[in-house]
Amino acid sequence: MSDIHLGTLYVVATPIGNLEDLSPRAARILGEVALVAAEDTRHTSRLLRHLGLSVPMLSLHEHNEAARVEQLDRRLLGGESIALVSDAGTPLISDPGFVLVRELRARGRRIVPVPGACALVAALCASGLPTDRFLFQGFLPAKGGARRQRLKDLALREETLVFYESPHRIRDALADIGAELGTRRLVLARELTKSFETFLEGDAERLLACMQADPDQARGEFVIMVAGAEPKEGGDTASVEAHALLAALLDEGVGVKQAAAVAARLLGGAKKTWYGQAQALKEAR
0 MSDIHLGTLY VVATPIGNLE DLSPRAARIL GEVALVAAED TRHTSRLLRH
50 LGLSVPMLSL HEHNEAARVE QLDRRLLGGE SIALVSDAGT PLISDPGFVL
100 VRELRARGRR IVPVPGACAL VAALCASGLP TDRFLFQGFL PAKGGARRQR
150 LKDLALREET LVFYESPHRI RDALADIGAE LGTRRLVLAR ELTKSFETFL
200 EGDAERLLAC MQADPDQARG EFVIMVAGAE PKEGGDTASV EAHALLAALL
250 DEGVGVKQAA AVAARLLGGA KKTWYGQAQA LKEAR
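Counting from 0, one number per residue, gives the positions in the sequence shown under numbering that gives the first Met the number 0.
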């Protein structure tokens, strides 16, 4: 039975490397929709050719996404269904699509996820690092100062930290992780599901040495996974108390900066660290 309904936006996960990872459902829907909204139409056209499909496409990326909302909504209202895809993996996960989905959902349009490949999940499940709690931060800031500050803000987080990174910044990112987070265990996943898929592990210094010895290890797209901070003495109780304090302050309308100052005064530690935790808590709501 067809999944197609009038005026449906399908959020379709596509392969991150191996074309066999595209689900049969995703392939079918790509062939049934009236339009594919793609991050890069040239990239998606190769996938459609592989599937033997000829479907009209429209570009939707970070620079034109807001401007596309009305155009795509008119087509949904006209009874056409649309597939939203990114270049690889699940749309919206460090890829375009959030603005479109948010605006269309606010208008009551039907939005259906078609799950599949996601680099974050693929890397984490094979990393050997704890998966019961993890914090995904997307791409670290491109500039060194902002990147180091983000890492400082995350230094006390006990969850496994997960980042995406590009080949031209991977060495700088690893150097800053080593400087700010010390000798924690890292797992670096490269070229997931492709022919040269690689997992490297060790501290930042060891991974940089691997890249120095073999420059090919610095090529491709990366998922960086970092062991969380060791629990403080007093463990979960201290963590829960800190979380509860910040949550209560934010619930009362106290700003992030003021909440951080109060936490630092009552519980000790640097204001910058508390600011990072309060900001993360606010964004998670």
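C-beta atoms are modelled at their ideal positions from N, C-alpha and C, and glycine is treated no differently.
Tell me which residue opens and which closes the beta strand (DSSP E) that LEU185 is part of.
By 1-based counting over the sequence shown, the position of residue 185 is 186. LEU185: member of the beta strand (DSSP E) spanning 185-189, first to last residue.
Cβ distance (whole Å) where ALA36 is taken to contact ILE92 below 8 Å:
The residue you call residue 36 lines up with position 37 of the sequence shown. The residue you call residue 92 lines up with position 93 of the sequence shown. Distance from ALA36 to ILE92 at the Cβ level is roughly 16 Å; contact not present, criterion being Cβ atoms closer than 8 Å.
How big is the Cα-Cα spacing for GLU281 and LEU244?
Here residue 281 refers to the residue found at position 282 when the sequence shown is read from its first residue. Here residue 244 refers to the residue found at position 245 when the sequence shown is read from its first residue. Glu is not the amino acid found at residue 281; the sequence shown has Lys there. Between the C-alpha atoms of LYS281 and LEU244 there is a straight-line separation of about 13 Å.
Thinking C-beta only, is THR159 closer than 8 Å to ALA105?
Counting from one through the sequence shown, the residue named residue 105 turns up at place 106. Counting from one through the sequence shown, the residue named residue 159 turns up at place 160. Going by C-beta atoms, ALA105 is not nearer than 8 Å to THR159.
Let me know the alpha helix (DSSP H) ranges lying completely inside the stretch 113-155, each 4 residues or longer, listed in chain order.
You should have 118-124, 143-153.
Going by the beta-carbon positions, is the gap between ARG189 and THR197 smaller than 8 Å?
Start at 1 with the first residue of the sequence shown, and residue 189 comes out as number 190. Start at 1 with the first residue of the sequence shown, and residue 197 comes out as number 198. Yes. Within cutoff.
Would the stretch 107-117 count as touching the stretch 2-22 if we require 3 or more Cβ pairs under 8 Å?
Remark: three or more beta-carbon pairs, one from each stretch, lie closer than 8 Å, so the stretch 107-117 and the stretch 2-22 are flagged as touching.
Please work out which residues of its chain come closer than 7 Å, Cβ to Cβ, to PHE135, disregarding the five sequence neighbours upstream and downstream, and give them in chain order.
Counting from 1 along the sequence shown, the entry for residue 135 is found at position 136. So the list reads LEU119, VAL161, once near-sequence residues are dropped.
Check the C-beta distance from ALA116 over to ALA12 and give it rounded, since I have them as a contact under 8 Å.
Numbered from its first residue, the sequence shown carries residue 116 at position 117. Numbered from its first residue, the sequence shown carries residue 12 at position 13. At roughly 6 Å, the Cβ-Cβ gap stays under 8 Å, so ALA116 and ALA12 are in contact.
ARG156 versus MET56: straight-line alpha-carbon distance, rounded
Mapped onto the sequence shown, residue 156 falls at position 157. Mapped onto the sequence shown, residue 56 falls at position 57. Taking the straight line joining both Cα atoms gives about 42 Å.
Looking only at C-alpha atoms, which of LYS231, GLU240, PHE221, PRO14 sits nearest to LEU123?
Translated into the one-based positions of the sequence shown, residue 123 becomes position 124. Relative to the Cα of LEU123, the nearest Cα in the group LYS231, GLU240, PHE221, PRO14 belongs to PHE221.
First through last residue of the beta strand (DSSP E) which encompasses GLU196
Residue 196 sits at position 197 when you count from the first residue of the sequence shown. If you look at GLU196, you'll find it isn't in any beta strand (DSSP E); DSSP assigns it neither H nor E.
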